[in-house]
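Colleague: Please see the structure below; I have some questions.
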Amino acid sequence: MAGALDGIKVIDFGQYVAGPLTGMLLADQGADVIKVDPPGGPRWDTPANATWNRGKRSIVLDLKNPVDLQRARALVKSSDVLIENFRPRVMERIGLGTKTLTDANPKLIYCSMPGFASDDPRSGVPGWEGIIAAASTTMRGPRASETASRPAYTAIPIASSYAAFQSVVSIAMALWVREHGDTGQCIEVPLFDGMFTAIGGQRIINPYPAMPGLGGTWTGQFECKDGRWVMFGSGNTNFRQFVKAAGITSWDKKGLTDRERLFNDPELAAEQERRIIELFKTKTAQQWENLIAKAGSECAVCRTSAEWLKHPHARESKAVIEVNDPKLGTILQPGINPRLDGTPGAVRGPAPALDQHREEILAEIEAGPPPASTDEIRATLRSALKGIKVLDLCIILAGPTCGRTLAEFGASVIKIDNPNRDTTIAFHNSVNRGKRSILLDLKSDEGRDIFWRLLEDTDVVVQNYRKDRISALGLGYEEVRRRKPDIIYASLNAYGHIGPWADRPGHEQFAQATTGMQARFGGDGQPQLQPHAINDYGTGLMGAYGVALALLHRQKTGEGQSLDGALAYTAMTLQSALVQGYDGKTWDEPRGQNALGSSPLHRAYQASDGWVFFGARVVDLPALSQVPGLEGVEKLRGDALEHMLEGRFRHTTVEQWVGKLTRVGIGSHRI
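Per the working numbering, residue 485 is the first one in the sequence shown, and the count goes up by one each step.
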């Protein structure tokens, strides 16, 4: 099916996660992505390559060989986009640096994703996922102190995924600018910097903290009759429905459902907590999920990712799709994210065999690049979205993050809020910066009339209502399109706009619960939330990616369209390193609050004065053995290696270890 990036050629030099995932997100939207691997194949041999390399073409090039290096240059000369995620200056040393390639191809968009920025003192530190997590305090979570006794490692590659999210947004924006006659450009998206979008407002100092709502006293994971857990939360507006459905209206008399009394009476709050724990043990997890959904409140069974892959809504909503892979057979994997209605894109095939397309790609190189465009390159770079007007009808995190991202790229964003909402605008300082604000009651004739007048010169509408709610207001896509046929209309919600859960309410916690994130991070104990609101912020970025793609398509055709994003879609993209379902699959990734890493050479170790994370490969063991205190390490593997490192690390400070490891080129960082 047609994709917004049809006709765009991408050269993907990426390895591990960030680069290949970026290439996948572009390929899903129609780009012709050529995956360039070294002899022997990808540096990380993982089933996830079946996801990240789907729909691409493959060629092996030895970039240390002059002939293959020249072939790589020829490929890039005829391409629109280059992706790489090496350390700064590595590509330059190879002979594929930005100046060399953009001089030869001025319209090239060159996207780099190093671990640390080229102007960061740590730019030479290998950007392993765990090292970025350590550097950004992700291994301690938003509320933990630096002196906390033990970090916790999450198997989800948050930093790499966010670098990919921000890269595809930036690439699409650069293509949009180029479509207006401007030049290509160089983009740098460090993994470390990308993490701060995931961290979001948790590091913002707010002099006016919001009053907690009633939902906060009830929200959490609760064990049920069958030993399974649910994530439950009942906001202030729908709390009464839950009370009635659960048969606990008698609690009203004792004040157990009274917000002010609960916040001001610790003994009453303690009694309420005891009661709700016992309440959830009266039914199975599935019974609670069904009952609470019927009542209009929020609840999700804390499933494993394996369970979610086969869940009816996951399949019907296409959050999970089926691909026939030549190596793994029928495989379940994350679906396309985001979904555009007019240019839906497609997974155009499974991951190719290594070097599968060598002959046809070499033939293309031999034929030479297509004739150069006669269009003048003005080289008048500006804010990408200057002149674009956006109406942002969103609340909480995902939707407003989309609007904020568009504002950061230069759009004029008008934030529309309800003057009658009885709660504060959550995370306002984080997600609404750079916008203008207006209060409109969209349920009133006057409010809708103002909205329609604002729409007259608007390019984009972003909303995150549930499907039934926005239609009830008369502001759904069809109604808006009748008045503004070329409008781009972005809808972001919890579970997507098709499937049995399309109208269910949901927030970050529930996307984490139902897709397996909480169960994995909790391990064998109580499910645990990931350190940050990664699905919310990620969905906002993917919404902005969809808007940029739709703008690019509109520039070429004049056509507007709707697009669909969801926390559940993003949860699958974030877990793309882990969620391949096929016969013989082993779910052996790090789990639980005691996880410290993914292997003895990629994990946290306790030093004499704190914790340090270090990352290395097996081929780095000879260099590691040259570090004072680690002599003989190259002879060990597995548990023996891990036990030896645990013992050695304890006798030296974090600062000393970081210094010694850095001197031999091994990545490490204080946690």
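Note that beta-carbon positions come from the ideal geometry of N, C-alpha and C, so glycine has one too.
Alpha carbon to alpha carbon, how far is Tyr646 from Phe994?
Modeller: Whole-angstrom Cα-Cα distance: 20 Å.
Colleague: Tell me whether Lys1119 sits in a helix, a strand or coil according to DSSP, three-state version.
Modeller: In the structure shown, Lys1119 sits in a helix (DSSP, three-state: H, G or I).
Colleague: Taking DSSP's pairing of strands, which residues face Trp1095 in a bridge?
Modeller: According to DSSP, Trp1095 bridges with Gln1090.
Colleague: Strictly by DSSP, which residues pair up with Val897?
Modeller: The partner list for Val897 (beta bridge, DSSP) reads Val874.
Colleague: What does the Cβ neighbour count give for His1087, buried or exposed, with the cut at 16 atoms within 10 Å?
Modeller: According to the sequence displayed, residue 1087 carries Arg and not His. Burial call: buried.
Colleague: Could you check which residue in Ala803, Gly1151, Leu746, Leu585 has the C-alpha nearest to that of Arg1101?
Modeller: Of the listed residues, the one whose Cα sits closest to Arg1101 is Gly1151.
Colleague: Should His1037 go down as buried or exposed, given a rule of 16 or more other Cβ atoms within 10 Å for buried?
Modeller: So His1037 counts as buried.
Colleague: Whose C-beta lies closer than 6 Å to the C-beta of Gly579 among residues of the same chain, with five residues either side of it excluded?
Modeller: Here the set comprises Leu553.
Colleague: Quick check on DSSP: helix, strand or coil for Ser562?
Modeller: Residue state, collapsed to three classes: coil.
Colleague: What residue from Gly1022, Ala1028, Tyr1089 has the CA that sits closest to Thr1057's CA?
Modeller: Per the Cα distances, Gly1022.
Colleague: Could you have a look at Cys670 and say whether DSSP puts it in helix, strand or coil?
Modeller: Strand.
Colleague: Just list the beta strand (DSSP E) runs in the stretch 1035-1116, keeping only unbroken ones of 3 residues or longer that don't cross its boundaries, in chain order.
Modeller: Listed in chain order, they are 1045-1050, 1081-1083, 1086-1091, 1094-1099.
Colleague: Tell me, please, whether the stretch 1009-1028 touches the stretch 922-942 by the rule of three or more beta-carbon pairs shorter than 8 Å.
Modeller: At 8 Å Cβ cutoff, the stretches do not touch.
Colleague: With distance defined between alpha-carbon atoms, name the residue in Glu850, Asn748, Gln705 nearest to Val785.
Modeller: Minimum Cα distance to Val785 is reached at Gln705.
Colleague: Does DSSP put His912 in a helix, in a strand, or in coil?
Modeller: Three-state result, His912: helix.
Colleague: So what does DSSP say about Ala974, is it helix, strand or coil?
Modeller: In this structure, Ala974 counts as strand in the three-state DSSP scheme.
Colleague: Look up Thr999 in the DSSP assignment and say whether it is helix, strand or coil.
Modeller: Note: Thr999 maps to coil in three-state DSSP.
Colleague: Tell me the DSSP bridge mates of Thr814?
Modeller: Bridge partners of Thr814: Asn808.
Colleague: Excluding five sequence neighbours on each side, which residues of the same chain lie with their C-beta closer than 6 Å to the C-beta of Gln840?
Modeller: Closer than 6 Å at Cβ, skipping near neighbours: Ser542.
Colleague: Do you know how far the Cα of Arg787 is from the Cα of Thr506?
Modeller: Near 28 Å, if we compare the C-alpha coordinates of Arg787 and Thr506.
Colleague: Let me make sure I understand the geometry here. Which of Phe649, Ser654, Met623 has the alpha-carbon closest to that of Ala639?
Modeller: Closest by alpha carbon: Met623.
Colleague: With a cut-off of 8 Å on the beta carbons, I'd call Leu824 and Ala1028 a contact; round off their distance for me.
Modeller: So it is not a contact: roughly 13 Å between Cβ atoms.
Colleague: Are the beta-carbon atoms belonging to Gln756 and Leu763 less than 8 Å from one another?
Modeller: Contact: no.
Colleague: Using 8 Å for Cβ pairs, my map puts Thr582 next to Cys670. What's the rounded Cβ distance?
Modeller: Contact holds; Cβ gap of about 5 Å.
Colleague: Quick check on Asn808: buried or exposed, where buried means 16 or more other Cβ atoms within 10 Å of its Cβ?
Modeller: Its Cβ having fewer than 16 others within 10 Å, Asn808 is exposed.
Colleague: Just reading off the beta strand (DSSP E) that Leu923 is part of, what are its end residues?
Modeller: From DSSP, the beta strand (DSSP E) with Leu923 extends over 920-923.
Colleague: If contact is defined by three or more beta carbon pairs under 8 Å, each pair taking one atom from either stretch, is the stretch 881-891 in contact with the stretch 965-976?
Modeller: With a cut-off of 8 Å, the stretch 881-891 and the stretch 965-976 count as touching, because enough Cβ pairs lie within range.
Colleague: Taking the runs of the alpha helix (DSSP H) that are 4 residues or longer, which of them lie wholly in the stretch 729-754?
Modeller: If we require 4 residues or more, the alpha helix (DSSP H) runs fully inside the stretch 729-754 come out as 743-748.
Colleague: Suppose only complete runs of 3+ residues qualify. What are the beta strand (DSSP E) ranges in the stretch 507-564, listed by chain order?
Modeller: Correct list: 516-521, 541-544.
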